[in-house]
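2 protein chains.
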Amino acid sequence: MNQLQQLADRIISRVNVNLDEFGFDTETFVSHALDHEKMLKFYAFYGITSHHPIYFHFRNSNIAGSYFLGKCYVGRSAIYKSDVRGDELKRKGDNIRCAKDIPLVEDEVITIRDSLLYKTLVHSNSHNPESPEEFGIRNTISSHYVNIHGSTLEGCFLGPFATVDLMNLHSCIVGEFSYVQVGELFHRKIDPGTVWIRSQNFEFKFKFDTQALDHFVGVNDQHQPRGIMYDFVKEREESYEKLFDVMNLEPYQAPDTSAVNRYAVILGKTRIGNNVLVAQRAFLENAVMGDGSNAQENTFIVNSRLAGMCITAHGGKIIHADVGQGCFVGFNAFLNGSETARIDLGKGCVVMPHTIIDPQGPVRIPDDHLVWGLIRTQEDVKTHTIALDDLAEVRDRLTIGKMTFTGKGSVFIEAFKNRLHHILLLNGALYKEGEKRGHAQDDQHISFNIIQPYRTGEREGLYPSIRIKP
Amino acid sequence: MNQLQQLADRIISRVNVNLDEFGFDTETFVSHALDHEKMLKFYAFYGITSHHPIYFHFRNSNIAGSYFLGKCYVGRSAIYKSDVRGDELKRKGDNIRCAKDIPLVEDEVITIRDSLLYKTLVHSNSHNPESPEEFGIRNTISSHYVNIHGSTLEGCFLGPFATVDLMNLHSCIVGEFSYVQVGELFHRKIDPGTVWIRSQNFEFKFKFDTQALDHFVGVNDQHQPRGIMYDFVKEREESYEKLFDVMNLEPYQAPDTSAVNRYAVILGKTRIGNNVLVAQRAFLENAVMGDGSNAQENTFIVNSRLAGMCITAHGGKIIHADVGQGCFVGFNAFLNGSETARIDLGKGCVVMPHTIIDPQGPVRIPDDHLVWGLIRTQEDVKTHTIALDDLAEVRDRLTIGKMTFTGKGSVFIEAFKNRLHHILLLNGALYKEGEKRGHAQDDQHISFNIIQPYRTGEREGLYPSIRIKP
Numbered sequence: 004m005n006q007l008q009q010l011a012d013r014i015i016s017r018v019n020v021n022l023d024e025f026g027f028d029t030e031t032f033v034s035h036a037l038d039h040e041k042m043l044k045f046y047a048f049y050g051i052t053s054h055h056p057i058y059f060h061f062r063n064s065n066i067a068g069s070y071f072l073g074k075c076y077v078g079r080s081a082i083y084k085s086d087v088r089g090d091e092l093k094r095k096g097d098n099i100r101c102a103k104d105i106p107l108v109e110d111e112v113i114t115i116r117d118s119l120l121y122k123t124l125v126h127s128n129s130h131n132p133e134s135p136e137e138f139g140i141r142n143t144i145s146s147h148y149v150n151i152h153g154s155t156l157e158g159c160f161l162g163p164f165a166t167v168d169l170m171n172l173h174s175c176i177v178g179e180f181s182y183v184q185v186g187e188l189f190h191r192k193i194d195p196g197t198v199w200i201r202s203q204n205f206e207f208k209f210k211f212d213t214q215a216l217d218h219f220v221g222v223n224d225q226h227q228p229r230g231i232m233y234d235f236v237k238e239r240e241e242s243y244e245k246l247f248d249v250m251n252l253e254p255y256q257a258p259d260t261s262a263v264n265r266y267a268v269i270l271g272k273t274r275i276g277n278n279v280l281v282a283q284r285a286f287l288e289n290a291v292m293g294d295g296s297n298a299q300e301n302t303f304i305v306n307s308r309l310a311g312m313c314i315t316a317h318g319g320k321i322i323h324a325d326v327g328q329g330c331f332v333g334f335n336a337f338l339n340g341s342e343t344a345r346i347d348l349g350k351g352c353v354v355m356p357h358t359i360i361d362p363q364g365p366v367r368i369p370d371d372h373l374v375w376g377l378i379r380t381q382e383d384v385k386t387h388t389i390a391l392d393d394l395a396e397v398r399d400r401l402t403i404g405k406m407t408f409t410g411k412g413s414v415f416i417e418a419f420k421n422r423l424h425h426i427l428l429l430n431g432a433l434y435k436e437g438e439k440r441g442h443a444q445d446d447q448h449i450s451f452n453i454i455q456p457y458r459t460g461e462r463e464g465l466y467p468s469i470r471i472k473p
Numbered sequence: 004m005n006q007l008q009q010l011a012d013r014i015i016s017r018v019n020v021n022l023d024e025f026g027f028d029t030e031t032f033v034s035h036a037l038d039h040e041k042m043l044k045f046y047a048f049y050g051i052t053s054h055h056p057i058y059f060h061f062r063n064s065n066i067a068g069s070y071f072l073g074k075c076y077v078g079r080s081a082i083y084k085s086d087v088r089g090d091e092l093k094r095k096g097d098n099i100r101c102a103k104d105i106p107l108v109e110d111e112v113i114t115i116r117d118s119l120l121y122k123t124l125v126h127s128n129s130h131n132p133e134s135p136e137e138f139g140i141r142n143t144i145s146s147h148y149v150n151i152h153g154s155t156l157e158g159c160f161l162g163p164f165a166t167v168d169l170m171n172l173h174s175c176i177v178g179e180f181s182y183v184q185v186g187e188l189f190h191r192k193i194d195p196g197t198v199w200i201r202s203q204n205f206e207f208k209f210k211f212d213t214q215a216l217d218h219f220v221g222v223n224d225q226h227q228p229r230g231i232m233y234d235f236v237k238e239r240e241e242s243y244e245k246l247f248d249v250m251n252l253e254p255y256q257a258p259d260t261s262a263v264n265r266y267a268v269i270l271g272k273t274r275i276g277n278n279v280l281v282a283q284r285a286f287l288e289n290a291v292m293g294d295g296s297n298a299q300e301n302t303f304i305v306n307s308r309l310a311g312m313c314i315t316a317h318g319g320k321i322i323h324a325d326v327g328q329g330c331f332v333g334f335n336a337f338l339n340g341s342e343t344a345r346i347d348l349g350k351g352c353v354v355m356p357h358t359i360i361d362p363q364g365p366v367r368i369p370d371d372h373l374v375w376g377l378i379r380t381q382e383d384v385k386t387h388t389i390a391l392d393d394l395a396e397v398r399d400r401l402t403i404g405k406m407t408f409t410g411k412g413s414v415f416i417e418a419f420k421n422r423l424h425h426i427l428l429l430n431g432a433l434y435k436e437g438e439k440r441g442h443a444q445d446d447q448h449i450s451f452n453i454i455q456p457y458r459t460g461e462r463e464g465l466y467p468s469i470r471i472k473p
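For the record, the sequence lines run as chains A and B.
Note that my numbering has the first sequence beginning at 4, numbered continuously upward.
Note that my numbering has the second sequence beginning at 4, numbered continuously upward.
What follows is the structure, encoded as structure tokens:
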């Protein structure tokens, strides 16, 4: 048996052992996801910059089509067309905020072992006080377009388009299109389409109707994704693959203060403002990016205008929409407008992660509203949004349609606003006269190093052991 | 001062100290050769195959445009558009043949420290009994199109188009277009255009007339090359640079038993036979490569036909020529034919390294002849060739024109033929039915990994520290 197959088998057995209690067998997923031919076809790459700490170490793995930045270790894993961005990891001397601050004795490193990440994004820093120097992903399988955001994972399976945010998960299954940000979870199975945020002071919960969700994101018998959201992404995949064929691309014309990654797809009449970050694997077509706006990994901005200071979080999709000043469009949100059914998002709106807007006619969201769930008509807007000012008044509990909020609305809003400010800051949206540099300024001069696997012999498909230090 | 400049300054001072006795200052060469902008422009690359041992380690260096294969260490050096091929290094357990055999306790590694190699070829294994596991190049500067062939170097300066073959050199200056293969040299200055082979049993010596040579290869005040040989090469440089712009090239159509490196330039009506090796940085235009023939690094084969089993050693240039079966065209030989002055090289000829044929009309070299020096007319052929059979009769001394041979001709011929057989074997020219694999078969499935320097910051132009193991 070849070593690629051995690698896949080892991952399956490692993850299965953790998910035994659920009777979940990962074999069908893995064997259908991993195409050995494609694992030989695409090169992997990593970024060299003077602005990010550098440490890359790859061993006994296939990392085809994947991108790495910052400090990353990968051992005995398959990382396929994924982004592992360690540029916001904590550094030596930083503190993890717990009951008592825990100072880091070394720089934090993303370490991925015995895992399969498929078209997955891994980003930002983790908050696991048990291993502050290690953002660890172990014995875990993540499927198509998962966001692993600041989350450590052990023995988990994450379904397509799932997001785990600032979490520590142990032996969990997270269903497709679920978003969880609830601190720590052990041995839990999260239903598909769950949007669940829980902190000390508040809790937000929404669950998609299973049948309705299935139209957008579902899985087949092999746990492979299907549905119109997946189709939308898949249809555009070829555009990315073309970017791998050319070595030196003429950089896309953008202001000096903005970064357009050379692995982003830019089509049609697209305009990039100042302090704009367009990350690798972003897809822009006839897009207007206002000053300070960003398009993170796996985002799609098509026939749409973003006013200034808009955040499009990883996997956010904005199609035929006008997005007002200072809006936030969360992870994997799907704003699926069309020519005859344009989406008009007022300024200062917060579109919750994993929100779907799929309008049958034009839809308008008023300014400064929180938006969640599934919106198809203007009527739906009433039951799936709330003015932030009204939410701020909530002191105990609020139920609107299938959404439940518990806790103080003002605390929730405050926490969200702080986070958005932090995101804008890190992404360089607030850059001015040499101050407040962020990714938009620092990512302009990335050198991409390209690595490839053995093409023949016993180790065919595996990458040689590579270690890079400054 | 930036770190690239510091690197250059350190190399200058290290080499200067070794060449103090000659009053030779390398600064003008280095400052004119190293263009910091170009050192940022071209990526470096290394080959991953299952057929060659793998170890790469790069530290505190700029290696722009250079290629590495096999086992190589580079520290505190500038390696610009050079080829460092460690695929024929000795392995652990192999013996260095001396008075007493010296077995290697580790695989041999090419180690380059505090040196500048400029468009240089480093290849084959060294024979320095003092450090059998290390093919060491230290405190050394090599200029344009130098061949460092199985030679360890310490404190040397090698002029443009010089070749050092199976040597150990200490504090030497080798003039432009000189070829030396004389075992060991200390504190010597070799005049430009010296062709000098010396072994226990024979010695071959030829020296170009300085003025005549200057027309082909000379140097200016900055020790930079000039002359028509350099112009010929320089005019074609752009074709190579284009190969760096594309990531995945459609492989050139060649028989299964042949390897055409994706960093070779192939133009016009070129035909590749079986068991043919075309190495990176070879340039073929309207070339016919007969079965078992090869074109090594920096060779040019233009409007020419090579019959079978022809060897074009590193830097050999064959223009408007017909090369007979089993010919050897040595390092940096310049067969500069033209449409009206074609070169007809009989079968079984040995064109000595650093031979120039620059005919004014058609020139014919008879079969099985040794060829050297500078040939411009059919008349010159008489004084610059000898039938191998006649040479075999020489028992003591032979002088023809400016060439002197001392020793037994038969031993010289025997040694040469053994070496040619060895070269054909290693290059896969003798491959048949799965037996006698060589580079032509093993180099077909090389993966190229691409590495780039820091583009900004303190370390701008330096490459990160990279270590690759199997």
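Ideal Cβ placement from N, Cα and C applies to all residues, glycine included.
query: Looking at the structure shown, is A:G412 part of a helix, part of a strand, or coil, going by DSSP?
result: helix
- request: Let me know the secondary structure DSSP gives A:L287 once reduced to three states.
  value: strand
query: Between A:H323, A:I314 and A:R345, which lies nearest to A:C352 when the distance is taken from Cα to Cα?
result: A:I314
query: Along the chain, where does the beta strand (DSSP E) that runs through A:V108 open and close?
result: Taken as a continuous stretch (DSSP letters only), A:V108 belongs to no beta strand (DSSP E), as it is neither H nor E.
task: With a cut-off of 8 Å on the beta carbons, I'd call B:R462 and B:H60 a contact; round off their distance for me.
output: Not really, about 17 Å apart at Cβ, beyond 8 Å.
task: Reducing DSSP to helix, strand and coil, say where A:I231 ends up.
output: helix
field: Integer Cβ distance of B:G333 from B:P356, believed to fall under 8 Å
entry: Contact between B:G333 and B:P356 holds, with the beta-carbon distance rounding to 3 Å and staying under 8 Å.
- prompt: Given B:K208, which residues of its chain have a CB within under 6 Å of its CB, disregarding the five upstream and five downstream residues?
  reply: W199 and T407
query: Unbroken beta strand (DSSP E) runs of length 3 or more, entirely within the stretch 48-107 of chain A: which are they?
result: 58-62, 70-78, 81-83 and 86-89
- request: Could you have a look at A:E438 and say whether DSSP puts it in helix, strand or coil?
  value: Strand, per DSSP.
message: Between which residues of its own chain and B:T114 is the CB-CB distance below 6 Å, once the five residues before and five after are set aside?
response: Y76, E137 and G139
query: Quick one: what does DSSP say A:D294 is sitting in, helix, strand or coil?
result: coil
query: Within 10 angstroms of its Cβ, does B:E179 collect 16 or more other Cβ (buried), or is it exposed?
result: The residue is buried, with at least 16 neighbouring Cβ atoms inside 10 Å.
message: Judging by CA-CA distance, which residue of B:V125, B:G318 and B:S64 is the nearest neighbour of B:Q6?
response: B:Q6 has its Cα closest to that of B:S64, out of B:V125, B:G318 and B:S64.
Residues sharing a beta bridge with B:W199, DSSP: Paired residues: B:V183 and B:K208.
task: Tell me, to the nearest whole angstrom, how far the beta carbon of A:I66 is from that of A:I82; I am working on the premise that it is less than 8 Å.
output: 5 Å
task: Classify A:K103 as buried or exposed, calling it buried when 16 or more other Cβ atoms lie within 10 Å of its own Cβ.
output: exposed
message: Which residue marks the beginning of the beta strand (DSSP E) containing A:V220, and which one marks its end?
response: Looking at the DSSP string, A:V220 is not in any beta strand (DSSP E), and its letter there is neither H nor E.
- prompt: So which residues on chain A does B:Y457 lean against when the C-beta distance must stay under 8 Å?
  reply: I51, T52, S53 and S450
- request: Note the first and the last residue of the continuous beta strand (DSSP E) segment covering A:K320.
  value: K320 to I322
field: B:S181 versus B:A336 - alpha carbon distance
entry: Inter-residue distance for B:S181 and B:A336 is about 11 Å (C-alpha atoms, whole angstroms).
field: Contacts around A:P369, its chain only, beta-carbon distance under 6 Å, and the 5 residues preceding and following it disregarded
entry: G349
field: Cβ of A:P106 within 7 Å of any chain B Cβ
entry: no
field: Start-to-end residues for the alpha helix (DSSP H) that takes in B:R17
entry: Q6 to N21
- prompt: Near B:E109, what residues of its chain come up, given a Cβ to Cβ distance below 6 Å and the 5 sequence neighbours on each side ignored?
  reply: K95 and E136
- prompt: Which chain B residues are close to A:S462, counting only those with a beta carbon under 8 Å from its beta carbon?
  reply: Reading the sequence as shown, one finds Arg at residue 462 of chain A and not Ser. Near A:R462 (Cβ distances below 8 Å), the residues of chain B are S53 and P473.
task: Ignoring anything shorter than 4 residues or poking outside the stretch 359-440 of chain A, list the alpha helix (DSSP H) runs there in chain order.
output: 381-387, 391-396 and 412-429
query: Nearest CA to the CA of A:F32: which residue from A:Q225, A:Q214, A:L10 and A:L156?
result: A:Q225
query: Looking at the unbroken beta strand (DSSP E) that takes in A:T3, where does it start and where does it end?
result: Because chain A here runs from 4 to 473, residue 3 of chain A falls outside it and cannot be looked at.
task: Using alpha carbons as the reference points, say which of B:C101, B:G364 and B:A285 lies closest to B:A324.
output: Its Cα nearest to that of B:A324, the residue B:G364 stands out among B:C101, B:G364 and B:A285.
field: A:E342 burial status per 10 Å Cβ neighbour count (16 or more: buried)
entry: exposed
field: Collapsed DSSP secondary structure at B:L252 in the structure displayed
entry: coil
Sub-7 Å separation of A:T123 and A:S145 beta-carbons: yes
- request: Return no unless some Cβ of chain B is closer than 7 Å to the Cβ of A:R116.
  value: no
query: To which residues of the same chain is A:V354 closer than 6 Å at the C-beta, ignoring the five residues directly before and after it?
result: V332, G333, A336 and V374
field: Contact belief for A:G162 with A:V18 at Cβ below 8 Å, rounded distance in angstroms
entry: 13 Å between Cβ atoms; not a contact.
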